[in-house]
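J.: The numbering used here puts the first residue of the sequence shown at 37, with every later residue one more than the last.
Just so you know, even glycine gets a beta-carbon here, dropped at the ideal spot from N, CA and C.
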Amino acid sequence: MSLSIVKSVLSGGVVEIAPRGEIDVDTAYEVREAIAEVLAKGRPTRIELNMRLVTFIDSVGISAMVAGFQTAEVSGVKLVVTEPSRFVHRQLWVTGLLGLFGAPEPYYAGTAQPEVLPGA
Numbered sequence: 037m038s039l040s041i042v043k044s045v046l047s048g049g050v051v052e053i054a055p056r057g058e059i060d061v062d063t064a065y066e067v068r069e070a071i072a073e074v075l076a077k078g079r080p081t082r083i084e085l086n087m088r089l090v091t092f093i094d095s096v097g098i099s100a101m102v103a104g105f106q107t108a109e110v111s112g113v114k115l116v117v118t119e120p121s122r123f124v125h126r127q128l129w130v131t132g133l134l135g136l137f138g139a140p141e142p143y144y145a146g147t148a149q150p151e152v153l154p155g156a
């Protein structure tokens, strides 16, 4: 499977980078390049890496995310992960990197988020 990446400018100077597909040894460089390209064009207030549509990520993909985080940090820009798929969330949790990327809750496609009942 291939990887496609959509970049969008959100309100408040936030740039969203939304990969779709598999981030692995063959495609991880695309994530690094997308982050570098955003930073080369200016200094957004934040970069949101929306991982909702990522179906697979391996160690090389995780490494690319960390490299992107470091590149953004050197530029004074915060990079966070938003809406990670359950697979991505699990990989970030297992590697101990969930907190580095803002400790996002996993995205549950087609299901309602758990409801918190009063007094529970």
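Straight-line CA distance for K114 to V130?
T.: Cα-Cα distance, rounded: 22 Å.
J.: Note down, in chain order, each residue of its chain lying with its Cβ closer than 8 Å to the Cβ of A100, except the 5 sequence neighbours on either side.
T.: I59, A64, Y65, V67, R68, listed in sequence order.
J.: Spatial neighbours of N86 within its chain, please: CB distance less than 6 Å, with the 5 preceding and 5 following residues excluded, ordered by chain position.
T.: Once the five neighbours on either side are set aside, the close Cβ partners of N86 are E52, A54, T118, E119.
J.: Quick check on the burial criterion: 16 or more other C-beta atoms within 10 angstroms. Buried or exposed for L143?
T.: A quick correction: the sequence has Tyr, not Leu, at residue 143. When all chains shown are included, Y143 counts as buried.
J.: Please return the same chain residues whose Cβ sits closer than 8 Å to the Cβ of S40, not counting the five positions on each side in sequence.
T.: Closer than 8 Å at Cβ, skipping near neighbours: P55, R56, G57.
J.: Since G138 contacts V116 with CB under 8 Å, what's their CB separation in whole angstroms?
T.: Indeed they touch by this definition, with Cβ atoms about 4 Å apart.
J.: Taking the alpha-carbon positions, what's the I71 to R126 distance?
T.: Their Cα atoms are separated by approximately 22 Å.
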